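Peer 1:
Number of protein chains: 4
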Amino acid sequence: MKLFRTRIAVALCALLLLSTAALAEGPKKTLPGDLSLAQAQVILKAAQAKAEAIKVPMNIAVVDAGGNLKAFARMDDAFLGSIDISAKKALTARSFNMSTRALGAAAQPGQPLYGIEVTNGGLAIFAGGVLLVDKHNVVIGAVGVSGGSVDEDESVALAGAAAVAK
Amino acid sequence: MKLFRTRIAVALCALLLLSTAALAEGPKKTLPGDLSLAQAQVILKAAQAKAEAIKVPMNIAVVDAGGNLKAFARMDDAFLGSIDISAKKALTARSFNMSTRALGAAAQPGQPLYGIEVTNGGLAIFAGGVLLVDKHNVVIGAVGVSGGSVDEDESVALAGAAAVAK
Amino acid sequence: MKLFRTRIAVALCALLLLSTAALAEGPKKTLPGDLSLAQAQVILKAAQAKAEAIKVPMNIAVVDAGGNLKAFARMDDAFLGSIDISAKKALTARSFNMSTRALGAAAQPGQPLYGIEVTNGGLAIFAGGVLLVDKHNVVIGAVGVSGGSVDEDESVALAGAAAVAK
Amino acid sequence: MKLFRTRIAVALCALLLLSTAALAEGPKKTLPGDLSLAQAQVILKAAQAKAEAIKVPMNIAVVDAGGNLKAFARMDDAFLGSIDISAKKALTARSFNMSTRALGAAAQPGQPLYGIEVTNGGLAIFAGGVLLVDKHNVVIGAVGVSGGSVDEDESVALAGAAAVAK
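Chains as they are written, first to last, in the numbering used here: chain A, 21 to 186; chain B, 21 to 186; chain C, 21 to 186; chain D, 21 to 186.
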């Protein structure tokens with residue numbers, strides 16, 4: 021039995037080494053051209069500067085090309101309820117490759133996409149989510165902002181998006 | 021130690037045989053006449069051909085008579101947010117045995133089914149989901165399409181459904 | 021008031037044209053090198069051939085680099101409960117850049133990641149999910165298979181993954 | 021028509037002014053001493069520096085005293101599946117005012133809290149979530165890290181927490 025335990029220990033150690041190796045080596049994990057954290061932080065900084073300029077505390081969320089969260093910041097005194105909304109705005113914009121303002125216009129009662137907001141586990145269909153398009157004209161993600169009026173939100177999102185557009 | 025390993029090996033083999041037998045034998049698993057994968061793939065192919073003809077990248081989902089996903093394809097550049105919507109359109113159509121366009125008309129503000137879209141974990145109540153009816157006039161599932169305008173979506177769904185209607 | 025209605029009609033038409041244009045033109049929607057539908061269908065075909073060879077009906081799901089569903093097939097008589105499992109296996113593999121078998125080993129009681137399966141809305145921590153690595157050694161997604169024993173599932177997933185590896 | 025448009029414009033302005041006033045004035049929105057965004061960003065920076073030092077790309081999430089997300093960063097090539105896990109680790113640590121390592125020990129099979137991980141919409145019960153305690157010895161939030169082995173995760177979380185402990 022002692023041998024048995026030793027073998028298990030050796031096997032576990034091998035597994036641990038293996039997984040550590042797997043982290044450091046192996047195939048490339050990210051598609052070339054996808055949004056980097058450095059870019060996302062530039063976006064956050066630009067958006068935050070705009071929010072400070074208009075004196076409205078904001079939640080700011082950035083997703084990459086796959087729609088997965090890359091960076092987030094909630095400014096002091098910003099709405100707790102806007103954590104989720106800012107994230108949903110970013111994901112919604114990337115999910116349909118348009119601003120949440122444009123999607124929202126088509127989702128009003130009587131319009132073609134009325135009711136779309138209950139799909140995808142809940143979408144945000146009001147202004148404040150905009151696409152991130154890089155200088156090669158490729159969509160690399162989206163930024164969502166929530167905390168003020170939707171026009172204020174969108175102005176902050178656009179300030180963020182502008183930071184990586186050119 | 022050798023005995024111990026042998027017993028484990030025997031137990032594992034017994035388990036494997038059991039599960040393999042369960043898969044291969046026993047009662048028939050599927051209702052006669054239910055949608056086959058071969059049919060679903062014919063539907064996908066016909067829908068995709070229509071989508072290519074109108075130059076709109078689409079998400080296409082096919083469910084069987086039980087409302088369970090049978091086949092799915094997301095064309096290149098099609099909306100990420102339409103994965104869920106195409107699946108919900110197919111499920112919604114089969115769930116109420118009507119097109120999502122017809123259901124949507126009854127779900128507008130002031131109409132009898134206003135608010136139905138929040139039931140069933142979220143329904144799609146705009147055009148693009150249509151029933152699959154076989155040549156014996158039996159509902160065998162539904163197809164849901166999302167990626168363009170709702171009229172474009174529905175035209176692609178109808179092209180898919182036509183492929184098994186006769 | 022007639023003028024008012026006319027203006028709304030004009031505005032809506034403009035919006036529709038705009039959104040149609042937005043679909044056809046604008047920035048590139050997909051990162052270069054991401055999994056294509058053509059590749060996903062080659063994977064499905066190879067996996068299905070393997071499943072037929074071992075006579076086990078399978079659910080097969082393919083996700084792209086962002087972890088979003090690209091293609092899916094449920095073979096006739098395959099488990100309904102494996103629709104979700106195959107999708108979760110594919111997403112889990114991509115989410116942690118390892119096979120679900122490797123992740124599962126670390127998630128056993130007493131192991132470092134015990135309990136990880138309740139995160140991310142539910143993970144699949146048993147064999148059958150494997151990474152898709154292209155010929156440039158970049159992770160471009162994952163394939164998840166469910167329907168037989170986990171060894172059978174994994175053999176089918178590996179057959180699928182092999183189809184785009186070289 | 022002119023009167024009609026004027027009334028709409030007035031109503032919209034009133035609404036905007038109202039919402040802007042609500043943001044700028046009224047009661048103080050945040051508890052004195054709660055985690056600030058500036059502190060959260062210091063934590064992120066310290067954690068990221070540690071992650072770079074040990075060469076493991078990490079997801080890092082920071083929650084405040086109320087358990088709500090304050091800041092987040094996903095380093096390049098870090099696991100997509102760790103977005104949720106890092107957030108859950110931070111929330112779990114603050115929810116029980118202990119490290120996720122400590123909670124996990126009590127949640128093993130046979131231990132008093134076995135099964136706790138399925139409560140609260142899913143908890144993280146492995147190492148990598150640690151409390152944030154300020155220089156006045158008050159819990160002001162938690163940081164959760166995921167991306168490497170749980171020991172690596174925890175070392176990065178501790179590096180982050182140290183940055184505000186004084």
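Backbone N, C-alpha and C fix where the C-beta goes; we use that ideal spot for every residue, glycine too. Values in this document were obtained by computation on a predicted structure and should not be read as measured data.
Helix or strand or just coil, what does DSSP make of alanine 144 of chain D?
Peer 2: Within the fourth sequence, residue 144 of chain D is the residue found at index 124, counting from 1. Looking at alanine 144 of chain D - three-state DSSP - the assignment turns out to be coil, as it is neither helix nor strand.
Peer 1: Quick one: residues in its chain with C-beta nearer than 6 Å to the C-beta of alanine 93 of chain C, no 5 flanking neighbours on either side, listed in chain order?
Peer 2: Looking up residue 93 of chain C in the third sequence gives position 73. Cβ neighbours of alanine 93 of chain C beyond the five flanking positions: Leu64 and Ile80.
Peer 1: Examine chain A for any beta-carbon lying closer than 8 Å to the beta-carbon of aspartate 104 of chain B, and answer yes or no.
Peer 2: The sequence position of residue 104 of chain B within the second sequence is 84, counting from 1. Yes, because at least one Cβ of chain A sits closer than 8 Å to the Cβ of aspartate 104 of chain B.
Peer 1: Nearest to valine 163 of chain A by CA position, among A/Pro129, A/Val176, A/Lys49 and A/Ala126, is which residue?
Peer 2: Here the question's residue 163 of chain A lines up with position 143 in the first sequence. When each option's Cα is compared against that of valine 163 of chain A, the closest is A/Val176.
Peer 1: In chain D, which residues lie less than 7 Å from threonine 50 of chain A when you measure between Cβ atoms?
Peer 2: Taking the first residue of the first sequence as position 1, residue 50 of chain A is located at position 30. Result: Asp96 and Asp97.
Peer 1: Can you tell me the Cβ-Cβ gap for aspartate 96 of chain B and proline 77 of chain B, rounded? I've got them flagged as a contact below 8 Å.
Peer 2: The residue given as residue 96 of chain B occupies position 76 in the second sequence. The residue given as residue 77 of chain B occupies position 57 in the second sequence. That belief holds up - the Cβ atoms of aspartate 96 of chain B and proline 77 of chain B are roughly 6 Å apart, short of 8 Å.
Peer 1: Since valine 83 of chain C contacts glycine 161 of chain C with CB under 8 Å, what's their CB separation in whole angstroms?
Peer 2: The count along the third sequence starts at 1 and reaches residue 83 of chain C at position 63. The count along the third sequence starts at 1 and reaches residue 161 of chain C at position 141. Valine 83 of chain C to glycine 161 of chain C, Cβ: 5 Å. Contact.
Peer 1: Is it true that the region 138 to 146 of chain C meets the region 112 to 129 of chain C, where meeting means three or more beta-carbon pairs spaced less than 8 Å apart?
Peer 2: At 8 Å Cβ cutoff, the stretches touch.
Peer 1: Looking only at its chain, what residues have a beta carbon closer than 6 Å to the beta carbon of alanine 85 of chain C, apart from the 5 residues adjacent to it on each side?
Peer 2: As a first step, residue 85 of chain C is located in the third sequence; it is residue number 65 there, counting from the start. Here the set comprises Asp54, Ile160 and Gly161.
Peer 1: Would you mind giving the Cβ-Cβ distance between alanine 179 of chain A and lysine 70 of chain A, rounded to the nearest angstrom? I have them listed as a contact below 8 Å.
Peer 2: Locating residue 179 of chain A in the first sequence gives position 159, where the first residue counts as 1. Locating residue 70 of chain A in the first sequence gives position 50, where the first residue counts as 1. Right, their Cβ atoms sit about 4 Å apart.
Peer 1: Shortest alpha-carbon distance to threonine 50 of chain A belongs to which of C/Glu174, C/Glu172, C/Asp171 and C/Val158?
Peer 2: For the purposes of this step, residue 50 of chain A is taken as the residue at position 30 of the first sequence. The residue with the shortest Cα to Cα distance from threonine 50 of chain A is C/Val158.
Peer 1: Please find out if some non-hydrogen atom of the ligand FAD comes closer than 7 Å to the beta-carbon of alanine 147 of chain A.
Peer 2: Although the ligand FAD was asked about, the structure shown includes no ligands whatsoever.
Peer 1: Report yes if the C-beta distance between serine 90 of chain B and glycine 142 of chain B is below 8 Å; otherwise report no.
Peer 2: Along the second sequence, read from residue 1 onward, the residue named residue 90 of chain B stands at position 70. Along the second sequence, read from residue 1 onward, the residue named residue 142 of chain B stands at position 122. Here the sequence assigns lysine to residue 90 of chain B, which means serine is not the residue at that position. Not closer than 8 Å, so no.
Peer 1: By the three-class DSSP mapping on this structure, what secondary structure does lysine 70 of chain D have?
Peer 2: Within the fourth sequence, residue 70 of chain D is the residue found at index 50, counting from 1. Residue state, collapsed to three classes: helix.
Peer 1: Buried or exposed: where does threonine 112 of chain B fall if 16 or more other Cβ atoms within 10 Å of its Cβ makes it buried?
Peer 2: Start at 1 with the first residue of the second sequence, and residue 112 of chain B comes out as number 92. The residue in question, threonine 112 of chain B, is buried, as its Cβ has 16 or more Cβ neighbours within 10 Å.
Peer 1: For the beta strand (DSSP E) holding glycine 167 of chain B, just list the boundary residues, first then last.
Peer 2: Taking the second sequence and counting its residues from 1, one reaches residue 167 of chain B at position 147. Element bounds for glycine 167 of chain B: n/a, residue is neither H nor E.
Peer 1: Could you check how far apart the C-beta atoms of glutamine 59 of chain C and valine 184 of chain C are, in whole angstroms? I think they sit under 8 Å.
Peer 2: By 1-based counting over the third sequence, the position of residue 59 of chain C is 39. By 1-based counting over the third sequence, the position of residue 184 of chain C is 164. Contact flag correct, Cβ pair sits at about 5 Å.
Peer 1: Distance, Cα to Cα, alanine 66 of chain A vs glutamine 128 of chain C?
Peer 2: Taking the first residue of the first sequence as 1, we reach residue 66 of chain A at position 46. Taking the first residue of the third sequence as 1, we reach residue 128 of chain C at position 108. Roughly 44 Å between the two C-alpha positions.
Peer 1: Can you give me the C-alpha to C-alpha distance between glycine 167 of chain D and asparagine 140 of chain B, rounded to a whole angstrom?
Peer 2: Translated into the one-based positions of the fourth sequence, residue 167 of chain D becomes position 147. Translated into the one-based positions of the second sequence, residue 140 of chain B becomes position 120. So the alpha carbons of these two residues sit roughly 35 Å apart.
Peer 1: Would a check of beta-carbon distances place glycine 124 of chain B closer than 8 Å to chain A?
Peer 2: Counting from 1 along the second sequence, the entry for residue 124 of chain B is found at position 104. Yes, glycine 124 of chain B counts as interfacial toward chain A.
Peer 1: Pop quiz: arginine 138 of chain C and valine 138 of chain D are said to be a contact at Cβ under 8 Å. What is the actual Cβ separation, rounded to whole angstroms?
Peer 2: For the purposes of this step, residue 138 of chain C is taken as residue 118 along the third sequence, with counting starting at 1. For the purposes of this step, residue 138 of chain D is taken as residue 118 along the fourth sequence, with counting starting at 1. Strictly speaking, residue 138 of chain C in this sequence is valine, with arginine absent from that position. Going by Cβ atoms, the distance from valine 138 of chain C to valine 138 of chain D rounds to 6 Å, so yes, they are a contact pair.
Peer 1: What are the boundary residues of the beta strand (DSSP E) that includes lysine 186 of chain D?
Peer 2: The residue you call residue 186 of chain D lines up with position 166 of the fourth sequence. Lysine 186 of chain D -> no beta strand (DSSP E), and no H or E assigned at all.
Peer 1: Nearest to valine 150 of chain D by alpha carbon, out of D/Gly135, D/Glu172, D/Gly130 and D/Pro132?
Peer 2: Working through the fourth sequence from its first residue, we reach residue 150 of chain D at position 130. Valine 150 of chain D has its Cα closest to that of D/Glu172, out of D/Gly135, D/Glu172, D/Gly130 and D/Pro132.
Peer 1: Under a CB-based cut-off of 8 Å, is serine 166 of chain C close to chain D?
Peer 2: The residue given as residue 166 of chain C occupies position 146 in the third sequence. Answer no: the Cβ-Cβ gap between serine 166 of chain C and chain D never drops below 8 Å.
Peer 1: With distance defined between alpha-carbon atoms, name the residue in B/Ser106, B/Ile136, B/Lys48 and B/Phe99 nearest to asparagine 88 of chain B.
Peer 2: Here residue 88 of chain B corresponds to residue number 68 of the second sequence, with the count starting at 1. Asparagine 88 of chain B has its Cα closest to that of B/Ser106, out of B/Ser106, B/Ile136, B/Lys48 and B/Phe99.
Peer 1: Would glycine 148 of chain A pass as an interface residue toward chain C - the criterion being a Cβ-Cβ separation below 8 Å?
Peer 2: Indexing the first sequence from 1 puts residue 148 of chain A at position 128. So no, glycine 148 of chain A is outside the interface.
Peer 1: For asparagine 117 of chain D, does the count of other Cβ atoms within 10 angstroms reach 16, so buried, or fall short, so exposed?
Peer 2: Position 97 of the fourth sequence, counted from the start, is the residue given in the question as residue 117 of chain D. Asparagine 117 of chain D comes out exposed.
Peer 1: Going along chain C, which residues have a C-beta under 7 Å from serine 56 of chain B?
Peer 2: Walking along the second sequence from the start, residue 56 of chain B turns up at place 36. Within 7 Å Cβ-Cβ: Asp96.
Peer 1: Beta-carbon separation of phenylalanine 99 of chain D and serine 56 of chain C under 8 Å?
Peer 2: Counting from one through the fourth sequence, the residue named residue 99 of chain D turns up at place 79. Counting from one through the third sequence, the residue named residue 56 of chain C turns up at place 36. No. Outside cutoff.
Peer 1: Just tell me which of C/Thr120, C/Pro132, C/Ala110 and C/Gly101 has its CA closest to the CA of threonine 120 of chain D.
Peer 2: Locating residue 120 of chain D in the fourth sequence gives position 100, counting from the first residue. Nearest of C/Thr120, C/Pro132, C/Ala110 and C/Gly101 to threonine 120 of chain D, Cα basis: C/Pro132.
Peer 1: The beta strand (DSSP E) spanning leucine 100 of chain B covers which residue range?
Peer 2: By one-based count along the second sequence, residue 100 of chain B stands at place 80. Neither: leucine 100 of chain B is in no beta strand (DSSP E) and is coded neither H nor E.
Peer 1: Chain C partners of lysine 90 of chain B, CB-CB under 7 Å?
Peer 2: By 1-based counting over the second sequence, the position of residue 90 of chain B is 70. Here the neighbours are Arg94.
Peer 1: Per DSSP, which one or two residues make a beta bridge with phenylalanine 92 of chain C?
Peer 2: Walking along the third sequence from the start, residue 92 of chain C turns up at place 72. Its beta-bridge partners are B/Phe92 and C/Ala81.
Peer 1: Name the residue from D/Gly130, D/Gln68, D/Ser102 and D/Gly46 whose alpha carbon lies nearest to the alpha carbon of alanine 181 of chain D.
Peer 2: Here residue 181 of chain D corresponds to residue number 161 of the fourth sequence, with the count starting at 1. Among D/Gly130, D/Gln68, D/Ser102 and D/Gly46, the Cα nearest to that of alanine 181 of chain D belongs to D/Gln68.
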